[in-house]
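Engineer: Got a structure here, written out as structure tokens. Questions coming.
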Amino acid sequence: EVQLVESGGGKVWPGGSLRLSCAASGFIFDDFAMNWVRQAPGKGLEWVSGCNWNNSSRGYADSVRGRFSIFRDNSKNTAYLQLNSLRAGDTAVYYCTRGTRTDGMDVWGQGTTVTVSS
Amino acid sequence: DIQMTQSPPSLSASVGDRVTITCRASRDISNFVAWFQQKPGQAPKSLIYSASSLHSGVPSKFSGSGSGTYFTLTISNLQPEDFATYYCQQYKAYPHNFGQGTKLVIK
Numbered sequence: 001e002v003q004l005v006e007s008g009g010g011k012v013w014p015g016g017s018l019r020l021s022c023a024a025s026g027f028i029f030d031d032f033a034m035n036w037v038r039q040a041p042g043k044g045l046e047w048v049s050g051c052n053w054n055n056s057s058r059g060y061a062d063s064v065r066g067r068f069s070i071f072r073d074n075s076k077n078t079a080y081l082q083l084n085s086l087r088a089g090d091t092a093v094y095y096c097t098r099g100t101r102t103d104g105m106d107v108w109g110q111g112t113t114v115t116v117s118s
Numbered sequence: 119d120i121q122m123t124q125s126p127p128s129l130s131a132s133v134g135d136r137v138t139i140t141c142r143a144s145r146d147i148s149n150f151v152a153w154f155q156q157k158p159g160q161a162p163k164s165l166i167y168s169a170s171s172l173h174s175g176v177p178s179k180f181s182g183s184g185s186g187t188y189f190t191l192t193i194s195n196l197q198p199e200d201f202a203t204y205y206c207q208q209y210k211a212y213p214h215n216f217g218q219g220t221k222l223v224i225k
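Those sequence lines, one after another, are chains A and B.
Oh and the first sequence: position 57 is 57 in our numbering, straight run, nothing missing.
Oh and the second sequence: position 81 is 199 in our numbering, straight run, nothing missing.
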């Protein structure tokens with residue numbers, strides 16, 4: 001069964017850091033790009049970041065560029081999102097997705113919640 | 119950045135109706151458009167890729183069309199389980215922005 005399982009969410013103070021993980025199973029991990037999408041409470045979906053199969057191409061939303069960093073470890077079938085300089089506006093459920101250049105995203109994880117608050 | 123303008127923000131319809139949601143891209147993105155469905159408290163579900171191709175297991179009542187800057191999602195014969203929020207997304211170039219979403223509610 002194809003599965004993505006996120007972890008690493010939690011409550012953090014403004015200015016703090018977190019590292020989210022996305023463990024993949026049931027498919028050949030390095031055949032796919034990986035993405036992170038978030039959803040603030042009561043709001044719509046926001047694409048946050050994506051990377052290709054070998055980390056050579058990475059993209060970021062304007063709202064997180066310079067603060068967040070995406071990377072993957074194909075030997076561990078895991079993608080990561082490093083969140084630095086967190087703000088209240090980063091409070092959201094963070095979803096991990098897989099995708100391809102031609103077919104976009106197809107599989108989603110169940111999400112992990114990040115709360116930035118003092 | 120490529121912006122996706124989705125309309126309407128909300129849509130009221132009855133069981134059995136057919137509805138259409140539109141998305142406009144701020145520049146030509148060929149057919150690099152996807153559509154997603156999200157129900158309250160759940161992760162989104164992928165419906166359509168490449169503007170008009172259905173993901174495996176998605177019923178044929180969902181259809182997508184368009185190319186360039188104008189795209190539509192049509193849902194036929196609405197059933198209670200179809201009332202949800204729908205999002206378009208472009209994946210032509212980073213950042214892969216979503217539309218604002220359309221909440222489909224029962225009339």
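Note that the Cβ used here is the ideal one computed from N, Cα and C, for glycine as well.
Computed from a prediction, not measured in an experiment: that's the story for all the values here.
1. Just list the beta strand (DSSP E) runs in the segment 71 to 104 of chain A, keeping only unbroken ones of 3 residues or longer that don't cross its boundaries, in chain order.
2. Counting only beta-carbon atoms, is B/Tyr-188 nearer than 8 Å to chain A?
3. Please list the residues of the segment 152 to 184 of chain B that have a C-beta atom closer than 8 Å to any C-beta atom in chain C, keeping them in chain order.
4. Quick one: what does DSSP say B/Glu-226 is sitting in, helix, strand or coil?
5. Would A/Gly-15 pass as an interface residue toward chain B - the criterion being a Cβ-Cβ separation below 8 Å?
6. Determine the direct distance from the alpha carbon of A/Arg-65 to that of B/Cys-206, and round the result to whole angstroms.
7. Go to A/Ala-23, then tell me how far its beta strand (DSSP E) extends in each direction, as first and last residue.
8. Please classify A/Asp-31: does DSSP put it in a helix, a strand, or coil?
9. In terms of residues, what are the limits of the beta strand (DSSP E) holding A/Lys-11?
10. On the DSSP bridge list, what partners appear for B/Ser-164?
Structural biologist: Quick answer:
1. Counting whole runs of 3 or more residues, the segment 71 to 104 of chain A contains the beta strand (DSSP E) stretches 78 to 83 and 92 to 100.
2. Start at 1 with the first residue of the second sequence, and residue 188 of chain B comes out as number 70. B/Tyr-188 does not count as touching chain A.
3. The structure shown contains no chain C; the protein chains it does contain are A and B.
4. Residue 226 of chain B cannot be examined here, being either before or after the span of chain B that is shown, 119 to 225.
5. The sequence position of residue 15 of chain A within the first sequence is 15, counting from 1. Closer than 8 Å: no.
6. Against the second sequence, residue 206 of chain B aligns to sequence position 88. Against the first sequence, residue 65 of chain A aligns to sequence position 65. In a straight line, the C-alpha of B/Cys-206 is about 22 Å away from that of A/Arg-65.
7. Walking along the first sequence from the start, residue 23 of chain A turns up at place 23. Where A/Ala-23 is concerned, the enclosing beta strand (DSSP E) stretches over 18 to 25.
8. Mapped onto the first sequence, residue 31 of chain A falls at position 31. When DSSP states are grouped into helix, strand and coil, A/Asp-31 belongs to the helix group.
9. As a working note, residue 11 of chain A is residue 11 in the first sequence. Looking at the DSSP string, the run of the beta strand (DSSP E) that includes A/Lys-11 is 10 to 12.
10. Your numbering for residue 164 of chain B matches position 46 in the second sequence. B/Phe-154, per the DSSP bridge assignment.
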